[in-house]
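My numbering puts the first residue of the sequence shown at 12, with every later residue one more than the last. From the three backbone atoms N, C-alpha and C, an ideal C-beta is built for every residue, glycine too. This structure is a prediction, so every number in the text was calculated from the model and none was measured.
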Amino acid sequence: MKGITKRFPGVLALTDIGFDLRSGEVHVLLGENGAGKSTLIKILSGAYKNDEGKIFFDDVETTIHGTHHAMDLGIATCYQEFNLIPYLSVAENIFLGRFPKVKIPINMINKKKLYKDAQDIMDSIGIKLDVRSMVGSLSVAQQQMVEIGKALSMHAKIYILDEPTAVLTNKELDELFRVIRQLRSSGAGIIYISHRLEELPVIGDRVTVLRDGQKIATSDIKGISVDRLIEMMVGRPLKEAFPRVDVKIGKELLRVEGFTRDKCFYDINLNVKEGEIVGLAGLVGSKRTEVTRAIFGADPISKGKLYIDSKEIRIKSPRHGVRSGISYLPEDRKTHGLVLGMSVKDNISLASLKSSSIFNVIKDKHIEKKVNGYVEKLGIKTPSIHQRAKNLSGGNQQKVVIAKWLDTGCKVFLFDEPTRGIDVGAKAEVYSLMNQIIQAGAAIIMVSSELPEIINMCNRTYVMNSGRICAELSREEMTQEVILKYALVGSSEDNNEVVKEVN
12 MKGITKRFPG VLALTDIGFD LRSGEVHVLL GENGAGKSTL IKILSGAYKN DEGKIFFDDV
72 ETTIHGTHHA MDLGIATCYQ EFNLIPYLSV AENIFLGRFP KVKIPINMIN KKKLYKDAQD
132 IMDSIGIKLD VRSMVGSLSV AQQQMVEIGK ALSMHAKIYI LDEPTAVLTN KELDELFRVI
192 RQLRSSGAGI IYISHRLEEL PVIGDRVTVL RDGQKIATSD IKGISVDRLI EMMVGRPLKE
252 AFPRVDVKIG KELLRVEGFT RDKCFYDINL NVKEGEIVGL AGLVGSKRTE VTRAIFGADP
312 ISKGKLYIDS KEIRIKSPRH GVRSGISYLP EDRKTHGLVL GMSVKDNISL ASLKSSSIFN
372 VIKDKHIEKK VNGYVEKLGI KTPSIHQRAK NLSGGNQQKV VIAKWLDTGC KVFLFDEPTR
432 GIDVGAKAEV YSLMNQIIQA GAAIIMVSSE LPEIINMCNR TYVMNSGRIC AELSREEMTQ
492 EVILKYALVG SSEDNNEVVK EVN
């Protein structure tokens with residue numbers, strides 16, 4: 012790609028970008044949210060057309076006439092935002108538009124081959140998943156693996172993987188890296204986008220950094236430090252990746268006893284106190300998200316008790332959860348955390364309209380003043396509070412969701428993958444907001460698949476395995492190895508010897 016420039020109304024998204032990909036290499040594309048990475052790969056995948064510049068395949072100039080043409084050229088793309096149909100099965104999503112057919116007696120879908128081929132693909136990436144399952148019933152991490160499987164099914168020359176590991180735990184990450192290495196060995200070229208900088212030396216060969224729509228540098232990954240990569244991305248040195256603060260721990264705000272949802276999670280016992288960040292770690296499928304949703308009232312439980320300020324409360328719905336002082340920042344912010352077509356102002360005020368109304372008449376000026384205060388306090392980068400949420404970067408969208416819950420006055424915040432898909436600079440800002448929350452006397456329960464995040468930000472961590480809490484670890488006890496051992500093995504008496512052996 013030479014001299015690639017792309018304009019949108021009022022925005023110069025890319026300026027004179029040069030980028031090349033070799034056979035048998037993993038070329039990392041790095042940059043903050045809004046740097047131009049997604050625009051560049053959408054041009055290569057045929058979703059956008061470049062305004063200036065040229066694209067060459069095997070030294071032959073080529074014009075890409077849309078996504079189907081890109082696939083015909085051998086380009087497979089796994090986007091950060093999933094392109095799946097929830098009411099179709101895993102197999103149908105993987106081969107959508109490319110179903111194997113039985114020509115005799117009539118042109119029908121060969122379902123036996125469809126399911127077998129799809130199962131072979133999912134097995135090849137180490138995921139135990141029934142390909143007849145509806146995609147809408149899967150967790151976000153499982154949907155991510157289906158997206159990856161869909162890309163692999165195309166047997167392409169070039170694979171574009173946009174944030175493929177944002178919601179994966181270390182076990183799934185290892186499986187994905189194994190597949191990427193196989194693709195590289197077969198001669199495929201892989202464009203790899205990730206904000207998890209610790210991954211890059213493990214899997215990457217070269218790195219290109221974009222900032223504000225311009226190319227900053229291309230370099231071999233070997234020998235380049237993480238600090239240098241961050242400085243190239245944000246244009247300044249980042250003082251501290253995990254700005255943890257020491258806060259005096261106060262009274263217990265929330266306690267869960269014997270929380271059970273049949274066929275999902277069992278006998279969950281946990282608590283969180285004023286000024287604490289408590290982690291919830293485990294592998295994909297360990298039911299961490301399901302536990303937080305049940306605490307919030309989004310899903311029912313079969314039995315168990317929940318206490319707020321030592322008073323037992325039965326939370327029957329999210330509305331009741333909010334009224335009880337609990338908020339929930341979901342794993343998939345775009346689907347469950349925001350109304351993308353609505354403005355920043357409307358999203359922030361959505362959960363607290365009653366407090367901004369008199370006799371059911373909304374006080375619009377009061378809301379505008381309040382929302383402008385949150386935009387300034389949280390550093391939300393937006394041209395206006397009337398800007399639609401869908402036009403913000405991932406980090407700023409996350410801040411809008413946090414502002415929404417701050418406006419309700421909640422005391423317990425449930426954060427599910429709070430830094431998923433956002434860049435290193437935005438992560439540090441989210442961590443700072445978390446510090447502000449606990450310094451104000453609130454508490455956070457955080458689900459995260461990023462173990463450095465758990466270890467560096469949490470006071471304590473509960474580890475889950477197969478729907479059960481198998482360990483509670485203090486800050487001193489938390490290491491990646493210890494968390495993974497419990498997440499993989501559990502902590503029943505039968506497994507204690509296994510844990511010792513692993514140690």
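Legend entry - Coil, strand or helix - Ala-305 by DSSP: helix
Inset, instruction - Determine the direct distance from the alpha carbon of Lys-17 to that of Thr-50, and round the result to whole angstroms. - result: 8 Å
Legend entry - Top-ranked residue by Cα proximity to Val-71, from Lys-122, Glu-242, Lys-13 and Leu-291: Lys-13
Inset, instruction - Kindly indicate which three-state DSSP category Phe-30 falls into: helix, strand or coil? - result: coil
Inset, instruction - Tell whether a beta-carbon distance below 7 Å holds between Val-142 and Gln-154. - result: no
Inset, instruction - Ignoring anything shorter than 4 residues or poking outside the region 229 to 301, list the alpha helix (DSSP H) runs there in chain order. - result: 237 to 245
Legend entry - Cβ neighbour criterion (16 or more within 10 Å) applied to Ala-292: buried
Inset, instruction - State the DSSP-derived secondary structure class of Asn-506, mapped to helix, strand or coil. - result: Residue confidence is low: Asn-506 scores 45 on pLDDT, short of 50, so the model does not pin down where it sits. Its coordinate-derived value is still stated next. Three-state result, Asn-506: helix.
Legend entry - Meets three-Cβ-pair contact criterion under 8 Å: the region 178 to 189 and the region 448 to 466: yes
Inset, instruction - State yes or no: is the C-beta of Val-218 within less than 7 Å of the C-beta of Val-37? - result: no
Inset, instruction - To the nearest angstrom, report how far apart Leu-125 and Ala-162 are at their CA atoms. - result: 15 Å
Inset, instruction - Figure out for me which residue from Ser-144, Tyr-385 and Ala-451 has the closest Cα to the Cα of Leu-99. - result: Ser-144
Inset, instruction - Quick one: using the 10 Å Cβ neighbour count with 16 as the cut-off for buried, is Gly-29 buried or exposed? - result: exposed
Legend entry - Cutoff 6 Å; reference Asn-514; Cβ partners in own chain excluding five residues on either side: In this prediction, Asn-514 scores a pLDDT of 47, lower than 50, which makes its location untrustworthy; the coordinate-derived value is nonetheless stated afterwards. Excluding sequence neighbours, Asn-514 sits near nothing in its chain.
Inset, instruction - In angstroms with no decimal places, state the Cα-to-Cα distance between Thr-78 and Leu-95. - result: 16 Å
Inset, instruction - Name the two residues that bound the continuous alpha helix (DSSP H) containing Asp-131. - result: 122 to 135
Inset, instruction - Compute the distance between the beta-carbons of Lys-410 and Ile-359, then report whether it is under 7 Å. - result: no
Inset, instruction - Buried or exposed for Gln-408, please, with buried defined as at least 16 other CB atoms from any protein chain shown within 10 angstroms of its CB. - result: buried
Inset, instruction - Kindly indicate which three-state DSSP category Tyr-90 falls into: helix, strand or coil? - result: coil
Legend entry - C-alpha gap between Asn-506 and Cys-481, whole angstroms: Note that Asn-506 scores 45 on pLDDT, short of 50, meaning its location in the model is unreliable and no value can be drawn from it.
Inset, instruction - Determine the direct distance from the alpha carbon of Glu-63 to that of Val-22, and round the result to whole angstroms. - result: 15 Å
Inset, instruction - With distances taken Cα to Cα, identify the nearest neighbour of Arg-43 among Gly-478, Gly-432 and Asn-467. - result: According to the sequence shown, residue 43 is Glu rather than Arg. Here the closest residue by C-alpha is Gly-432.
Legend entry - Straight-line gap, Glu-263 to Phe-426 (C-alpha atoms, nearest Å): 18 Å
Inset, instruction - Would you kindly report the start and end of the unbroken alpha helix (DSSP H) that includes Gly-64? - result: It is not in any alpha helix (DSSP H) - Gly-64 instead sits in the beta strand (DSSP E) that spans 63 to 68.
Legend entry - alpha helix (DSSP H) runs contained entirely in the region 134 to 192, provided each spans 4 or more residues: 151 to 163
Legend entry - 3 or more residues per run - each beta strand (DSSP E) lying fully within the region 330 to 405: 337 to 340
Inset, instruction - Give a yes or no on contact between the region 379 to 398 and the region 342 to 349, applying the rule of three or more CB pairs nearer than 8 Å. - result: no
Inset, instruction - Specify, as a first and last residue, the run of the alpha helix (DSSP H) that Tyr-497 falls within. - result: 491 to 500
Legend entry - Beta-ladder partner(s) of Glu-72, from DSSP: Phe-67
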